[in-house]
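Student: Here it is: the structure, laid out below.
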Amino acid sequence: MKANDSKRKVLVTGGTGYIGSHACLSLHEAGFEPVLIDNLCNSSRRVLPRLQELSGQSFTFYEGDIRDRELLRSIFAAHQPWAVMHFAGLKAVGESVAEPERYHANNVEGTESLLQAMAEAGVQRLVFSSSATVYGDPDLVPIAESAPRRTTNPYGQNKLDIEHMLERLAAADERWRIACLRYFNPAGAHASGRLGEDPNGIPNNLMPYISQVAVGRRPQLDVFGDDYDTPDGTGVRDYIHVMDLVEGHVAALEHLQQANGFIPVNLGTGAGLSVLELRAAFAAASGQDIPYRIQPRRPGDIAASWADPSRAKALLGWQAKRNVRELCADAWRWQHNNPQGYDSE
Ligand code: NAD
Ligand code: WQD
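Be aware that the sequence shown starts at 8, since it is given in our numbering, and climbs by one per residue.
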């Protein structure tokens, strides 16, 4: 790294969100300077003092929407970022079915606006938050990047539309360097217990739901189906610790120094865990009882999904390091210390 590169700035869209906030810390630790933009539609300003406390630095934060082209122009002019990590987006599958236009406008048009501002500013390094949702109901597990892409809901369609947009850009101009990271099931929290997942309302995802049962905010877990073709009948997923995930982003950013084009990479552990296995691991890590009842399947759910993470290892030199015990212990520390999330203090 050249001396004047020592504090390369990275614009982090969705920087106060769950994954974006952890990514800011990881970037800082790797010697980058994150600059955050978020419209706070699904996150809290209270993340910012926590980031300062953990990093010893006050990161620049812009409250605003990635569809605000003037704002983006001024941010690019002021900071001349070396790269962009793009997390900003709406992510609730059920909501996307009810409000597909809002999802398209926010996710797809928001990304178009960002790419336009990047092109104008000559910034062509991008790490994008894609999702294993682009594999739909897979024919095979583990899932490799070459698996067919198909979607089952508007949120997934947004991710697929964006992936296609990024592929077209990279094909048209070889200066683009785009890591398209397909996350499996991010979970857990920073080991300090100061940053974590803080969903609004009733959690859609399993891990925050289990955590809220453990801390007494909800009476029991509803297990959506026990008649899948899996060892115990409940859904199997690849839960990846959020710190492993964001370290994978930093590895991808480093990779973009030497690689160009559109580079899709799975970020997962390579192992699947059932709903009941995750519940048991969380109960053991927290020492809390987690009552549950079996409910009908959730519409649109698939039986099993886990990653073939070999490309990430070969290309980025990255693999998940944290096991399910650490995942649950860290999620519990966060939930226990912040029973109401960022509103706890
Ligand atoms: P999150 O909701 O916590 O973070 C997203 C952030 O983006 C929020 O802070 C929100 O306020 C902000 N935002 C949304 N639209 C915006 C806009 N138009 N302008 C500015 N800010 C905006 O979600 P997360 O879990 O941190 O997810 C980050 C990214 O990763 C998303 O793109 C999501 O689709 C993707 N992803 C998440 C998961 C998961 O399970 N958490 C899995 C796969 C992919
Ligand atoms: C995991 C398992 C449920 C909640 C979703 C999105 C996907 C991606 C990650 C962004 C399943 C079961 C859940 C509950 C339960 N997001 N479950 N009770 O469905 O793999 O993926 O989040 O890209 O696009 O679809 O994750 O955490 O919702 O569910 O039994 O209260 O837990 O049926 O088997 P999923 P999840």
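Just so it is clear, CB atoms sit at the ideal spot from N, CA and C, and this is done for glycine as well.
Does Ile247 pass the burial test, meaning 16 or more other C-beta atoms within 10 Å, or should it be called exposed?
Tutor: To locate residue 247, count along the sequence shown from 1; it is residue 240. It is buried - the Cβ of Ile247 has at least 16 other Cβ atoms within 10 Å.
Student: Tell me whether Asp45 counts as near the ligand NAD, meaning its Cβ is closer than 7 Å to at least one heavy atom of that ligand.
Tutor: The residue given as residue 45 occupies position 38 in the sequence shown. Yes, the beta carbon of Asp45 sits closer than 7 Å to at least one heavy atom of the ligand NAD.
Student: Would you identify the three-state DSSP class for Asn49, choosing helix, strand or coil?
Tutor: Start at 1 with the first residue of the sequence shown, and residue 49 comes out as number 42. Note: Asn49 maps to coil in three-state DSSP.
Student: Please report how far the alpha carbon of Asn267 lies from the alpha carbon of Leu18, in whole angstroms.
Tutor: Counting from 1 along the sequence shown, the entry for residue 267 is found at position 260. Counting from 1 along the sequence shown, the entry for residue 18 is found at position 11. So the two alpha carbons sit approximately 19 Å from each other.
Student: Do you know whose CA, among Leu274, His262, Arg57, Leu283, lies nearest Leu322's CA?
Tutor: Position 315 of the sequence shown, counting from 1, holds the residue named residue 322. Here the closest residue by C-alpha is His262.
Student: Which of helix, strand or coil does DSSP assign to Asn165?
Tutor: The sequence position of residue 165 within the sequence shown is 158, counting from 1. Note: Asn165 maps to helix in three-state DSSP.
Student: Give a yes or no on whether 8 Å exceeds the smallest Cβ distance from Gly163 to chain E.
Tutor: The question asks about chain E, but that chain is absent: this structure has only one protein chain.
Student: Note down the Cα distance separating Ile73 from Gln219, rounded to an integer number of angstroms.
Tutor: As a working note, residue 73 is residue 66 in the sequence shown. As a working note, residue 219 is residue 212 in the sequence shown. Cα to Cα, Ile73 sits roughly 31 Å from Gln219.
Student: So for Ala186, helix, strand or coil by DSSP?
Tutor: Position 179 of the sequence shown holds residue 186. Strand.
Student: Please go through the same chain and pick out, in chain order, the residues whose beta-carbon is closer than 6 Å to the beta-carbon of Thr118, but skip the five residues on each side of it.
Tutor: As a working mapping, residue 118 is identified with position 111 in the sequence shown. Answer for Thr118: Ile169, listed in chain order.
Student: Indicate whether the contact test is met: 3 or more Cβ pairs, each with one atom in the segment 247–258 and one in the segment 292–300, closer than 8 Å.
Tutor: No, the segment 247–258 does not touch the segment 292–300.
Student: With Arg132 and Tyr142 assumed to form a contact (beta carbons below 8 Å), what rounded beta-carbon distance in angstroms separates them?
Tutor: Stepping through the sequence shown from its first residue, residue 132 is reached at position 125. Stepping through the sequence shown from its first residue, residue 142 is reached at position 135. Between Tyr142 and Arg132 the Cβ distance is about 26 Å, and since that is not below 8 Å, they are no contact.
Student: Any heavy atom of the ligand NAD closer than 7 Å to the CB of Gly279?
Tutor: Walking along the sequence shown from the start, residue 279 turns up at place 272. No, the beta carbon of Gly279 sits no closer than 7 Å to any heavy atom of the ligand NAD.
Student: What do you reckon, are the CB atoms on Ser293 and Ala194 nearer than 8 Å?
Tutor: Residue numbering aside, residue 293 sits at position 286 when the sequence shown is read from its first letter. Residue numbering aside, residue 194 sits at position 187 when the sequence shown is read from its first letter. No, the Cβ-Cβ distance between Ser293 and Ala194 is not below 8 Å.
Student: Let me confirm a value: Gln342 is counted as buried when at least 16 other C-beta atoms fall within 10 Å, else exposed. Which label applies?
Tutor: Locating residue 342 in the sequence shown gives position 335, where the first residue counts as 1. Label assigned to Gln342: buried.
Student: Sorry if obvious, but does the Cβ on Leu97 come closer than 7 Å to a heavy atom of the ligand NAD?
Tutor: Counting from one through the sequence shown, the residue named residue 97 turns up at place 90. Checking the Cβ of Leu97 against the ligand NAD gives yes.
Student: How many Å lie between Ala139 and Ser351 at the Cα?
Tutor: Here residue 139 is taken as the residue at index 132 of the sequence shown, counted from 1. Here residue 351 is taken as the residue at index 344 of the sequence shown, counted from 1. Spanning the two alpha carbons is a distance of roughly 32 Å.
Student: Is it the case that the Cβ atoms of Leu79 and Leu121 are separated by a distance below 8 Å?
Tutor: Along the sequence shown, one-based indexing puts residue 79 at 72. Along the sequence shown, one-based indexing puts residue 121 at 114. Yes. Within cutoff.
Student: Helix, strand or coil: which one does DSSP assign to Asn273?
Tutor: The sequence position of residue 273 within the sequence shown is 266, counting from 1. Residue state, collapsed to three classes: strand.
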